[in-house]
Amino acid sequence: MDARIDSAAAFSIPLGVAHVIRNASASIVEVLCSLVISEQLLGTNEILVIEHTGCKILTFTDADADRLVKKRLGKKALQKTKDAFKGE
Numbered sequence: 009m010d011a012r013i014d015s016a017a018a019f020s021i022p023l024g025v026a027h028v029i030r031n032a033s034a035s036i037v038e039v040l041c042s043l044v045i046s047e048q049l050l051g052t053n054e055i056l057v058i059e060h061t062g063c064k065i066l067t068f069t070d071a072d073a074d075r076l077v078k079k080r081l082g083k084k085a086l087q088k089t090k091d092a093f094k095g096e
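Under this note's numbering, think of the first position of the sequence shown as 9, with each following residue one higher.
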């Protein structure tokens, strides 16, 4: 998820050769569907997970997220967000 990292340059990968999926916490859980599609439909045969040290997301709790959404977007938006995650 760290936009400061240029994956193509870091690994000398030509444009159009790799599917780059970025997410928080270096966990495949949130991107599993994308990985399956990439592998099954697009022929990806290698997966590389890269994480960095001192990741701030690891200190961010569900309660922190709830507070931010409620403060910035309101109670209704918070409930919609919670309802959307229940459907997973």
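Ideal Cβ positions, reconstructed from N, Cα and C, are used throughout, including at glycine.
For residue j and residue i, believed in contact at Cβ under 8 Å, the rounded distance
{"i": "residue 44", "j": "residue 31", "result": "About 15 Å separates the two Cβ atoms, so there is no contact after all."}
{"i": "residue 15", "j": "residue 63", "result": "Not a contact, Cβ separation roughly 17 Å."}
Nearest-angstrom Cα separation, counted from residue j out to residue i
{"i": "residue 50", "j": "residue 23", "result": "16 Å"}
{"i": "residue 81", "j": "residue 69", "result": "18 Å"}
{"i": "residue 53", "j": "residue 47", "result": "6 Å"}
{"i": "residue 77", "j": "residue 87", "result": "10 Å"}
{"i": "residue 42", "j": "residue 35", "result": "13 Å"}
{"i": "residue 58", "j": "residue 11", "result": "13 Å"}
{"i": "residue 25", "j": "residue 18", "result": "14 Å"}
Collapsed DSSP secondary structure at residue i in the structure displayed
{"i": "residue 29", "result": "coil"}
{"i": "residue 21", "result": "coil"}
{"i": "residue 45", "result": "helix"}
{"i": "residue 11", "result": "coil"}
Beta carbon proximity, residue i to chain D, threshold 9 Å
{"i": "residue 39", "result": "No chain D is present in this structure, which holds just one protein chain."}
Alpha helix (DSSP H) segments (min. 4 residues) lying fully within the segment 53-93: 70-81
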